[in-house]
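If you count the sequence shown from 1, position 345 lands on 345 in the numbering used here, and the numbers rise without skipping.
Every residue gets a Cβ at the ideal spot worked out from N, C-alpha and C, and that includes glycine.
The structure under discussion appears below in the form of structure tokens.
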Amino acid sequence: MTPADLSRTVLHAVRRAVDEDVLRAPVPTRVRVERTRPGGSGDYACAVALQLAGPAALPALEVARILRDRVAAEPGVGRVEITGPGFLSFTLAAPAESDLAVLAAVREQGLAYGHGDALRDQNLQFHHAREVRAAVTAHAVRRLVLAQGARVRTSSEEEPDPDWARLGVTVDAYGTPPAPLTGIRPVPAGATAGELLERLGPDAARWGLLRAAGHDRAALGPDLLVQGEANALFRVRYAHVRARALTRGAAALGFTADTTARGEGPAAHLTRDPAARALLDLIADHPGVLLAGARHRAPDRVARQLEAVAHAFFDFHDACPPLPAGDEKPSAAHRSRLALAEAAGTVLAGGLSLLGIRAPEHL
């Protein structure tokens with residue numbers, strides 16, 4: 001990790017803290033990171049907490065503590081310490097260690113990768129109109145906050161539309177229950193659940209209803225059914241299908257993914273290529289995106305993340321083929337590339353599941 005990489009990592013942590021509403025301050029355009037001075041701690045240091053303390057109306061040490069945990073969780077960072085009045089000092093991890101930790105976490109947690117308990121102390125009730133986009137959005141937000149440990153109920157202003165069940169929507173109650181309520185009121189879809197199901201089917205309908213931010217009109221045209229790159233839903237699902245096909249292809253060739261660190265291990269092979277690096281970074285960002293989507297009641301953030309992962313997956317697939325070609329024998333590089341491809345497929349399947357959309361094995 002270069003000083004520029006570390007600067008971007010710290011800036012990303014600041015944005016996450018602001019997005020999560022634990023730090024109320026303007027996000028700086030850049031963060032200055034410098035080599036630690038003689039006698040100091042760690043490899044690098046920065047004074048961003050001192051810079052943000054005034055606008056945030058918090059002591060610099062408190063700002064430093066908020067940022068420390070978020071930076072320490074980023075790949076490539078081994079340890080973060082707070083020194084002096086609020087300086088952050090960074091000790092970098094060996095690249096192989098941090099990247100392998102991401103791949104190992106995805107493999108261990110499976111579809112639950114990125115789930116957590118950050119909202120475990122929250123009791124929520126989402127209330128929405130008798131309108132299909134509001135119902136589907138509330139249902140997706142419910143899934144997101146449950147995945148972060150919250151307790152949640154959903155309610156509709158009137159008796160639910162029977163067709164909502166065909167879109168996977170469940171409602172705990174209807175009428176106006178006791179406060180406190182959190183209203184879910186996106187721009188209406190302009191169609192009923194039955195009409196959308198007839199034209200698009202459940203998966204395309206849900207994607208169209210959830211992909212746009214709540215304040216924007218949902219795109220619900222026939223493009224959602226196009227089996228080609230122009231259709232983001234198709235691209236996301238095809239990336240998942242392709243990742244699963246790579247695993248089957250590798251098994252037929254007699255090898256499996258490798259996430260062990262030995263010699264020229266997986267991370268050494270992966271981090272040499274920018275396409276692999278980009279995909280690894282998106283996979284590492286996935287837990288933060290899920291948490292932000294839950295906090296902000298914004299399933300569209302998850303949809304956009306899946307689009308980015310799918311795009312990066314195809315770039316990686318073309319630049320670093322996970323399967324050997326012709327008479328080529330499977331190598332450590334192929335095993336490590338397969339591990340990254342499988343992690344991407346898992347992230348795509350898990351994200352689609354949270355949106356209530358199927359991730360098929362074949363298209």
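The region 188-246 is shown to contain no whole beta strand (DSSP E) run of 3 or more residues.
Annotation for Asp-223: Ala-230 and Asn-231 place their beta carbon closer than 8 Å to its own, counting only its chain and skipping 5 residues before and after.
Around the Cβ of Thr-154, a 10 Å sphere holds 16 or more other Cβ atoms; the residue is buried.
In this structure the region 26-44 does not touch the region 63-71; the number of beta carbon pairs closer than 8 Å is below three. Using a Cβ distance threshold of 8 Å, His-127 and Gln-148 do not count as a contacting pair.
Per the coordinates, the alpha-carbon of Leu-6 lies some 35 Å from the alpha-carbon of Ala-359. In the displayed model, Val-31 falls within coil according to three-state DSSP, outside both helix and strand. In the DSSP assignment, Phe-255 is bridged to no other residue.
By the Cβ rule, the region 129-137 counts as touching the region 181-190, because three or more pairs are nearer than 8 Å.
Under the three-state reduction of DSSP, Leu-323 is assigned to coil, being neither helix nor strand.
Contact annotation: the region 47-63 does not touch the region 101-121, with fewer than three C-beta pairs closer than 8 Å. Between Phe-255 and Arg-217, the alpha-carbon positions lie close to 47 Å from each other.
Taking 4 residues as the minimum length, the alpha helix (DSSP H) runs contained wholly in the region 18-89 are 48-56 and 60-72, in order along the chain. Residue Gln-51 holds the alpha-carbon nearest to the alpha-carbon of Gly-86 among Ala-73, Ala-112, Gln-51 and Leu-119. Counting only residues of its own chain and dropping the five nearest sequence neighbours on each side, Asp-19 has a CB closer than 8 Å to the CB of Ala-292, Arg-295 and His-296. Under the DSSP assignment, Ser-336 falls in the alpha helix (DSSP H) whose first and last residues are 332-354. Residue nearest to Ser-156 within the set Val-141, Gly-168, Ile-184 and Arg-166 is Ile-184 (criterion: CA-CA distance).
The DSSP-derived three-state label of Gly-114 is coil. The shortest CA-to-CA distance from Val-48 to any of Phe-90, Arg-301, Arg-79 and Gly-76 is the one to Phe-90. Distance from Leu-200 to Gly-208 at the Cβ level is roughly 7 Å; contact confirmed, criterion being Cβ atoms closer than 8 Å. If you look at Val-132, you'll find it in the alpha helix (DSSP H) that goes 132-147. Here DSSP, grouped into helix, strand and coil, assigns His-286 to helix.
The region 334-345 makes contact with the region 239-256, as at least three CB pairs between them are under 8 Å.
In this structure, DSSP gives Gly-183 an extended state, which the three-state scheme calls strand.
For Arg-153, the enclosing beta strand (DSSP E) starts and ends at 151-156. By the Cβ-count criterion, Pro-38 is exposed, with fewer than 16 other Cβ atoms from all chains shown falling within 10 Å of its own Cβ.
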